[in-house]
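A.B. asks: Going line by line, the protein sequences match chains D and S. Quick note: the first sequence uses this note's numbering, first residue 566, plus one each step. Quick note: the second sequence uses this note's numbering, first residue 290, plus one each step. C-beta: ideal position from N, C-alpha, C; glycine also.
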Amino acid sequence: MGEIVTTTAAPIVPAHVPVELVRSFDIGYRGPLDELFPRLDALRDDGRVVWLEAAMQVQPSGPATGAWFFTTMEDVRACYQDSELWGQFRHPLFPALLPTTLDPPDHMRYRRLMTPLFAPAAVATMEEAITVRMEGIVERLVDKGACDFVADVSMEFPTRVFTSWMGLPEEETARFVMMSETIIHGTREEQPAVLAELVKVLNGIIDDRLANPRDDLVSDVVQFRLDGEPLAKEDLFSICYQLFLGGLDTVANALSFSFAELARHPEERRAMLSGEVETAQVVEEMLRCFAFTQMPRVARRDGEFAGVHVKAGDLAIASGAMASRDPSEYDDPTHTHLERTTNRHFAFGAGPHRCLGSHLARLEMRIALDVWHARIPEYRLDGEPMAFGGPVMGLSSLPLRWD
Amino acid sequence: VKVTIDKGLCSGHGRCYALAPEVFEPDEDGFSVVTQQDVPSAFEAAVRLAEQNCPEGAVTIS
Numbered sequence: 566m567g568e569i570v571t572t573t574a575a576p577i578v579p580a581h582v583p584v585e586l587v588r589s590f591d592i593g594y595r596g597p598l599d600e601l602f603p604r605l606d607a608l609r610d611d612g613r614v615v616w617l618e619a620a621m622q623v624q625p626s627g628p629a630t631g632a633w634f635f636t637t638m639e640d641v642r643a644c645y646q647d648s649e650l651w652g653q654f655r656h657p658l659f660p661a662l663l664p665t666t667l668d669p670p671d672h673m674r675y676r677r678l679m680t681p682l683f684a685p686a687a688v689a690t691m692e693e694a695i696t697v698r699m700e701g702i703v704e705r706l707v708d709k710g711a712c713d714f715v716a717d718v719s720m721e722f723p724t725r726v727f728t729s730w731m732g733l734p735e736e737e738t739a740r741f742v743m744m745s746e747t748i749i750h751g752t753r754e755e756q757p758a759v760l761a762e763l764v765k766v767l768n769g770i771i772d773d774r775l776a777n778p779r780d781d782l783v784s785d786v787v788q789f790r791l792d793g794e795p796l797a798k799e800d801l802f803s804i805c806y807q808l809f810l811g812g813l814d815t816v817a818n819a820l821s822f823s824f825a826e827l828a829r830h831p832e833e834r835r836a837m838l839s840g841e842v843e844t845a846q847v848v849e850e851m852l853r854c855f856a857f858t859q860m861p862r863v864a865r866r867d868g869e870f871a872g873v874h875v876k877a878g879d880l881a882i883a884s885g886a887m888a889s890r891d892p893s894e895y896d897d898p899t900h901t902h903l904e905r906t907t908n909r910h911f912a913f914g915a916g917p918h919r920c921l922g923s924h925l926a927r928l929e930m931r932i933a934l935d936v937w938h939a940r941i942p943e944y945r946l947d948g949e950p951m952a953f954g955g956p957v958m959g960l961s962s963l964p965l966r967w968d
Numbered sequence: 290v291k292v293t294i295d296k297g298l299c300s301g302h303g304r305c306y307a308l309a310p311e312v313f314e315p316d317e318d319g320f321s322v323v324t325q326q327d328v329p330s331a332f333e334a335a336v337r338l339a340e341q342n343c344p345e346g347a348v349t350i351s
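This is the structure:
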């Protein structure tokens, strides 16, 4: 979260990192969308692995920390799958995320509590509630003839879906959007106050549902039992904090990338509208081409990986984009091909920490695409889309116009 | 052909049971279960798609 490098102190490169692998590449890029992925793709020319000397701002001040960065699908997947070598990174400036910041075997004990709630059958029961929310958003926009898709749709829709499922008041959607954006993408100066506010909101709803359980996700969470015992209050908070951050921002970014692409490709929209390509397949290809998560891992011991010596404590970044756009794995990987049938993308990561919400995210994306295009089948860009890099990449603006 | 799922690798992406629901289904946690180890020829193409779309490389056809 907030791994935006803000200091100018010179990075310190550890002695075991070969100097020829060190790159000053800025992973927290901000600028036009058209450069976001090509910058990353260009790193493939530098070989199988590089060391990004200023990858993360781990401490509040002082130099940024470097990290290994793998450029092939094979190595990114191996990094995600090998949780014995590559452990979870817990950012010292932010609360723990449960079960995310745990390593096996503890990780699976907590994750097993949550998997039934996010399994395909459970998620499918939410289809109508999700559809109603997207219809409401499109209805308010359709006669306006223009919008900023990021502000007007892609943040608001998943926030309404997810906070209402959690049990948070839907009328405070704008406040929750601000909190999620600030914690994930904001500056170190603005984060502490917002984090304190979110802690209060989540602990408030946890206390309420402990006393008065209802039919919502937080009520399910407070009733979890691990070996027959209720969870500690701080664990309940860490679960709800992870749900809040995971449920709002990620679907938003996936939608922004998808609509930016479709705005420029009327032939793709028409293939989807005519039924020539199923919406579910469009979702997969958008997730592949614009795989936007680049998750940190930390070496649990010394070892060999991707042809380099890794020391315990080294950070690595497992980039879904590098895995999902690897030309040795896919034909013409940097362009969308809706008819693509071989598509084992890494938008949701892989291995034991594979995104728990992936089935819900896919459903939300399919519904958003279907509902929008039923009402607004033709639209175009109305300005240049702007993007940001980092551990969770996304768009900051996407101006659209229609007649 | 025969199909197997490596339970150590499957992390519940669900691509196989989306693409070949006649042969794979989710368990209550969303991990994949093979329902027909000996794949009827009618579903062979779908099972190959499942193999090609599994991010973990957990689906094996023999």
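Report the option in SER626/D, LEU617/D, GLY627/D and ARG642/D whose CA atom is closest to the CA atom of TRP633/D.
C.D. replies: For the purposes of this step, residue 633/D is taken as the residue at position 68 of the first sequence. With distances taken between Cα atoms, TRP633/D lies closest to LEU617/D.
A.B. asks: Is SER300/S close to chain D, meaning its C-beta is less than 9 Å from at least one C-beta of that chain?
C.D. replies: Mapped onto the second sequence, residue 300/S falls at position 11. Cβ-Cβ to chain D under 9 Å: yes for SER300/S.
A.B. asks: Would you identify the three-state DSSP class for SER803/D, choosing helix, strand or coil?
C.D. replies: Against the first sequence, residue 803/D aligns to sequence position 238. SER803/D falls in the helix class under three-state DSSP.
A.B. asks: Under 8 Å between beta-carbons, which chain S residues line up against HIS924/D? List them in chain order, please.
C.D. replies: Numbered from its first residue, the first sequence carries residue 924/D at position 359. Within chain S, the residues near HIS924/D are GLY303 and GLY319.
A.B. asks: Beta strand (DSSP E) containing PHE634/D: first to last residue?
C.D. replies: For this step, residue 634/D is matched to residue 69 along the first sequence. In the DSSP annotation of this structure, the continuous segment of the beta strand (DSSP E) that includes PHE634/D starts and ends at 630-635.
A.B. asks: Using CA atoms only, rank isn't needed, just tell me which of SER961/D, LEU796/D, ASP708/D and CYS854/D is closest to ASP606/D.
C.D. replies: Locating residue 606/D in the first sequence gives position 41, where the first residue counts as 1. It is CYS854/D whose Cα lies nearest to the Cα of ASP606/D.
A.B. asks: So the candidates are ARG674/D, GLU721/D and HIS938/D; which of them puts its Cα closest to the Cα of GLU794/D?
C.D. replies: If you number the first sequence from 1, residue 794/D lands on position 229. Residue ARG674/D is the option with its Cα nearest to GLU794/D.
A.B. asks: Within its chain, find whatever has a CB closer than 8 Å to the CB of GLY612/D; leave out the 5 residues flanking it on each side and keep chain order.
C.D. replies: As a position in the first sequence, residue 612/D is number 47, starting the count at 1. Closer than 8 Å at the Cβ level, and outside the excluded window around GLY612/D, lie LEU586 and THR636.
A.B. asks: With a threshold of 9 Å between beta-carbons, can GLU333/S be considered close to chain D, or not?
C.D. replies: As a first step, residue 333/S must be located in the second sequence, where it is residue number 44. Taking Cβ atoms only, chain D never reaches closer than 9 Å to GLU333/S, which makes this a no.
A.B. asks: For CYS299/S, which residues from the same chain have a beta carbon less than 7 Å from its beta carbon, with the 5 sequence-adjacent residues on both sides left out?
C.D. replies: Sequence index remark: in the second sequence, residue 299/S carries index 10 (1-based). Correct list, in chain order: PHE320, SER321, GLU345 and ALA347.
A.B. asks: Could you pull out every residue in the same chain whose Cβ sits closer than 8 Å to the Cβ of GLY303/S, ignoring the five residues on either side in sequence?
C.D. replies: On the second sequence, residue 303/S is found 14 positions in, with the first residue counted as 1. Within the same chain, GLY303/S has close Cβ partners PRO315, GLY319 and SER321.
A.B. asks: If we ignore side chains and look at the alpha-carbon of each, how far apart do ILE592/D and ASP867/D end up?
C.D. replies: Taking the first sequence and counting its residues from 1, the one referred to as residue 592/D is at position 27. Taking the first sequence and counting its residues from 1, the one referred to as residue 867/D is at position 302. Their backbone Cα atoms lie some 25 Å apart in a straight line.
A.B. asks: According to DSSP, is THR752/D part of a helix, a strand, or is it coil?
C.D. replies: One-based indexing of the first sequence puts residue 752/D at position 187. Residue state, collapsed to three classes: coil.
A.B. asks: Would a C-beta distance cut-off of 9 Å place VAL641/D and VAL873/D closer than the cut-off?
C.D. replies: Here residue 641/D is taken as the residue at index 76 of the first sequence, counted from 1. Here residue 873/D is taken as the residue at index 308 of the first sequence, counted from 1. No, the Cβ-Cβ distance between VAL641/D and VAL873/D is not below 9 Å.
A.B. asks: Should SER745/D be labelled buried (16 or more other beta-carbon atoms within 10 Å of its own) or exposed?
C.D. replies: Position 180 of the first sequence, counted from the start, is the residue given in the question as residue 745/D. Buried: at least 16 other Cβ atoms inside 10 Å.
A.B. asks: Put ARG865/D into one of helix, strand or coil per three-state DSSP.
C.D. replies: For the purposes of this step, residue 865/D is taken as residue 300 along the first sequence, with counting starting at 1. Three-state DSSP puts ARG865/D in coil, outside helix and strand.
A.B. asks: Below 8 Å CB to CB, which residues in the same chain sit around GLU762/D once its five sequence neighbours on both sides are set aside?
C.D. replies: Here residue 762/D corresponds to residue number 197 of the first sequence, with the count starting at 1. Cβ within range, chain order: MET744.
A.B. asks: Under the criterion of a Cβ to heavy atom distance below 8 Å, does GLU949/D qualify as lining the ligand MN?
C.D. replies: As far as ligands go, the structure on display features none, and thus does not contain the ligand MN.
A.B. asks: Does the beta carbon of THR680/D sit closer than 9 Å to a beta carbon anywhere in chain C?
C.D. replies: Reference to chain C is not applicable here, since the protein chains of this structure are D and S.
A.B. asks: Once the 5 residues before and after ARG919/D are set aside, which same chain residues still bring their CB inside 6 Å of it?
C.D. replies: The sequence position of residue 919/D within the first sequence is 354, counting from 1. Answer for ARG919/D: PHE913, listed in chain order.
A.B. asks: When you compare the CB of GLN859/D with every CB in chain S, is at least one pair closer than 9 Å?
C.D. replies: If you number the first sequence from 1, residue 859/D lands on position 294. Chain S contact via Cβ: absent.
A.B. asks: Specify the secondary structure class of LEU763/D as computed by DSSP and reduced to three states.
C.D. replies: Translated into the one-based positions of the first sequence, residue 763/D becomes position 198. Annotated three-state conformation of LEU763/D is helix, per DSSP.
A.B. asks: If we call anything under 9 Å between Cβ atoms a contact, is ASN818/D one with PHE857/D?
C.D. replies: Your numbering for residue 818/D matches position 253 in the first sequence. Your numbering for residue 857/D matches position 292 in the first sequence. In contact: ASN818/D and PHE857/D (Cβ atoms closer than 9 Å).
A.B. asks: So with CB distances below 8 Å, who are the chain D contacts of GLN326/S?
C.D. replies: Counted from its first residue, the second sequence places residue 326/S at position 37. Going along chain D, no residue has its Cβ under 8 Å from GLN326/S, so there is no contact; the nearest lies around 22 Å.
A.B. asks: Who are the Cβ neighbours of PHE654/D in its own chain at under 7 Å, not counting the five residues just before and after it?
C.D. replies: The count along the first sequence starts at 1 and reaches residue 654/D at position 89. Excluding residues within five positions, the ones whose Cβ falls inside 7 Å are PRO861, ARG862, VAL863 and LEU880.
A.B. asks: Kindly list, in the order they appear in chain S, the residues whose Cβ is closer than 8 Å to that of GLN646/D.
C.D. replies: Start at 1 with the first residue of the first sequence, and residue 646/D comes out as number 81. One finds LEU298 and GLU345 in chain S with Cβ atoms closer than 8 Å to the Cβ of GLN646/D, taken in chain order.
A.B. asks: Relative to the C-alpha of LEU838/D, which residue among PRO681/D, MET720/D, ARG931/D and PRO669/D is closest?
C.D. replies: Translated into positions along the first sequence, residue 838/D becomes position 273. Closest option to LEU838/D, Cα to Cα, is ARG931/D.
A.B. asks: Near MET731/D, what residues of its chain come up, given a Cβ to Cβ distance below 8 Å and the 5 sequence neighbours on each side ignored?
C.D. replies: On the first sequence, residue 731/D is found 166 positions in, with the first residue counted as 1. The answer, listed in chain order, is ILE770, ASP781, LEU782, VAL783, CYS805, LEU808, PHE809 and GLY812.
A.B. asks: Which chain D residues sit within Cβ distance under 8 Å of PRO310/S?
C.D. replies: The residue you call residue 310/S lines up with position 21 of the second sequence. Chain D residues near PRO310/S: none, gap ~11 Å exceeds 8 Å.
A.B. asks: In the DSSP output, which residue or residues are listed as bridge partners for PHE590/D?
C.D. replies: The residue labelled residue 590/D in the question sits at position 25 within the first sequence. The partner list for PHE590/D (beta bridge, DSSP) is empty, contrary to what the question assumes.
A.B. asks: According to DSSP, simplified to helix, strand and coil, what is GLN788/D?
C.D. replies: For this step, residue 788/D is matched to residue 223 along the first sequence. DSSP places GLN788/D in coil when its eight states are reduced to three.
A.B. asks: For PRO315/S, return the contacting residues in chain D, with the cut-off set at a CB-CB distance below 8 Å.
C.D. replies: The residue labelled residue 315/S in the question sits at position 26 within the second sequence. Within 8 Å Cβ-Cβ: ALA684, PRO685 and ALA686.
A.B. asks: Along the chain, where does the alpha helix (DSSP H) containing LEU338/S start, and where does it finish?
C.D. replies: Within the second sequence, residue 338/S is the residue found at index 49, counting from 1. LEU338/S -> alpha helix (DSSP H) spans 333-342.
A.B. asks: Considering only DSSP beta bridges, list what PRO315/S is partnered with.
C.D. replies: As a position in the second sequence, residue 315/S is number 26, starting the count at 1. Answer by DSSP bridge pairing, in chain order: SER321/S.
A.B. asks: Where does GLU568/D land, buried or exposed, given buried means 16+ other C-beta within 10 angstroms?
C.D. replies: By 1-based counting over the first sequence, the position of residue 568/D is 3. Per-residue confidence for GLU568/D stands at a pLDDT of 49, beneath the threshold of 50, marking its modelled position as unreliable; the derived number appears in the next sentence. Buried.
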